[in-house]
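Scroll down for the structure; my scribbles are underneath it.
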Amino acid sequence: THAPVNVTVTGAAGQIGYALLFRIASGQLLGTDTPVKLRLLEIPQAVKAAEGTALELQDGAFPLLAGVDIFDDAKQAFEGTNVALLVGARPRTKGMERGDLLEANGGIFKPQGEAINAGAADDIKVLVVGNPANTNALIAQAHAPDVPAERFTAMTRLDHNRALAQLAGKLGVSVADIKKLTIWGNHSATQYPDIFHAEVNGKNAAEAVNDQNWLENEFIPRVAKRGAEIIEARGASSAASAASAAIDHVHDWVNGTPAGDWTSMAIPSDGSYGVPEGLIASFPVTCSGGSYEIVQGLEINDFSRAKIDASVQELSDEREAVRKLGLV
Ligand code: NAI
């Protein structure tokens with residue numbers, strides 16, 4: 001067994017936090033031979049609720065859980081941390097303009113980036129879940145100049161998993177039969193779930209579907225708007241599925257993607273596929289030995305090109321907006 005790994009979770013008392021912490025404690029984040037120490041960050045008003053969750057974590061009697069500490073100060077919460085899950089964010093409320101939303105989140109992700117820069121462990125890996133996730137990741141990264149830029153990632157794994165489930169349903173196969181699906185761009189309604197390179201039991205998925213109308217008018221909007229569908233049905237936003245995707249993202253980053261497959265992660269662009277350098281955009285990636293690489297050389301058809309460009313344009317606009325606010 002390894003020494004305990006420090007995992008910081010922000011927004012720990014929120015609904016994703018509640019679903020996430022127990023799965024981390026059970027060993028599903030890093031692997032069942034890795035003990036974890038949880039460091040929970042909350043705003044002062046929610047510390048008591050986080051303490052309640054910590055009592056339940058204790059009652060879970062998880063053999064791998066080496067401790068739980070609760071903070072309302074970012075500097076302390078990220079001290080020595082190896083994995084940071086940035087879940088807490090400022091949601092858009094009624095009448096809020098996009099600029100206000102970005103500014104409010106700047107007030108959260110700037111100090112958290114600074115705290116990661118100041119005190120996190122050398123091998124720190126950051127996953128931003130809190131929305132707007134890609135741009136929040138960009139803000140945190142901008143304030144952590146001593147941390148390698150590629151350690152800041154944002155979550156499109158929930159979109160990836162949603163797309164797997166929809167495609168599996170359409171073809172009457174198991175999600176396990178599908179490989180090489182990709183989410184491109186922003187974690188937003190402009191995201192592009194791409195099945196043109198996906199394989200279903202070894203055959204091309206787009207050919208197996210052979211239904212452009214379904215692709216354009218059912219699959220893509222269903223995946224992109226799944227969050228709204230969940231809110232409508234559940235009366236609350238996706239929580240357990242979001243937590244599950246966060247587990248998958250970090251698990252694969254740390255432990256690697258399976259041979260012959262890839263996953264989707266929003267990561268700082270190196271200019272691949274015409275995505276401007278530095279934007280935190282979703283790409284097809286493989287992971288190995290604790291790092292990731294963009295899958296290169298995929299042929300992008302005109303349909304995909306237009307969809308990718310539209311989502312990437314939205315990311316450029318968000319970057320421009322936070323630049324104007326002096327946040328990056
Ligand atoms: P929630 O409102 O239940 O919980 C958020 C928690 O964050 C609250 O407990 C709040 O006190 C805390 N918080 C706020 N500011 C904080 C700060 N500065 N430091 C530490 N904690 C802070 O929200 P929920 O449902 O857990 O969702 C969290 C975020 O995840 C939202 O921004 C949501 O939009 C996003 N999300 C992202 C998904 C993705 O696929 N990338 C999927 C689903 C949700």
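As numbered in the numbering used here, residues 1 to 328 make up the sequence shown, in order.
Note that the Cβ used here is the ideal one computed from N, Cα and C, for glycine as well.
None of the values given here were measured: they were computed from a predicted structure.
- Judged by beta-carbon spacing, residue 241 lies beyond the 8 Å limit of residue 266, meaning their Cβ atoms are not closer than that value.
- Distances from the alpha-carbon of residue 89 to those of 275, 10, 208 put 10 closest.
- In the structure shown, residue 109 adopts helical secondary structure according to DSSP, grouped into three states.
- Cβ neighbours of residue 202 within its own chain (closer than 6 Å, five residues either side excluded): none.
- Look at residue 39 here: in three-state DSSP terms it is strand.
- Closer than 7 Å to some heavy atom of the ligand NAI: that does not describe the Cβ of residue 161.
- Going by C-alpha positions, residue 279 is about 35 Å away from residue 173.
- Per DSSP, the beta bridge partners of residue 193 are 183.
- Closest in C-alpha terms to residue 128, from the list 8, 195, 160, 49, comes 8.
- Secondary structure at residue 267: strand, using DSSP grouped into helix, strand and coil.
- The alpha-carbon of residue 51 is positioned some 45 Å away from that of residue 200.
- Taking a cut-off of 6 Å from the heavy atoms of the ligand NAI, the residues with a C-beta inside it are 10, 11, 13, 14, 15, 16, 17, 41, 42, 43, 46, 87, 88, 89, 91, 108, 129, 130, 131, 133, 155, 158, 187, 237, 238, 239, 242.
- DSSP assignment within the region 281-315 yields the following whole beta strand (DSSP E) runs of 3 residues or more, N-terminal first: 291-294.
- In summary, residue 213 is exposed, with fewer than 16 beta-carbon neighbours lying within 10 Å of its beta-carbon over all protein chains present.
- A Cβ-Cβ distance of about 6 Å is found for the pair residue 196 and residue 304, placing them in contact under the 8 Å criterion.
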